[in-house]
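S.K.: The following block contains the structure, expressed as structure tokens.
Residue numbers (the UniProt record's numbering): 1 to 71.
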């Protein structure tokens, strides 16, 4: 298993192509993932929300796209 840990701002996060290959993402409340964002990340299967709440993630879209949430 190979893992790379990186930290990006919201603006940079949405522009980089490495996320097209990411299988998992750990994120704080400062990052928002909309349906449009989630559709870009074809390989994403797991989203781990660090902290409490999940109002910054489109939960319905994540479920429909087959992405698992860890809250």
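Heads up, the beta-carbon is just placed ideally off N, CA and C, and yes, glycines get one too. Note that the coordinates shown come from a computational prediction; the quantities given were computed from them, not determined experimentally.
Suppose only complete runs of 4+ residues qualify. What are the alpha helix (DSSP H) ranges in the region 38–63, listed by chain order?
M.R.: Counting only runs of 4 or more, we get nothing.
S.K.: If I measure Cβ to Cβ from residue 46 and keep anything under 6 Å in the same chain, skipping five residues before and after, which residues do I get?
M.R.: Answer for residue 46: 24, 68, listed in chain order.
S.K.: Specify, as a first and last residue, the run of the beta strand (DSSP E) that residue 22 falls within.
M.R.: Per DSSP, residue 22 belongs to no beta strand (DSSP E) and is neither H nor E.
S.K.: Can you tell me whether residue 49 is buried or exposed, with buried defined as 16 or more other CB within 10 angstroms of its CB?
M.R.: Buried is the call here.
S.K.: For residue 64 versus residue 43, is the C-beta spacing smaller than 8 Å?
M.R.: Cβ distance not < 8 Å, so residue 64 and residue 43 don't count as in contact.
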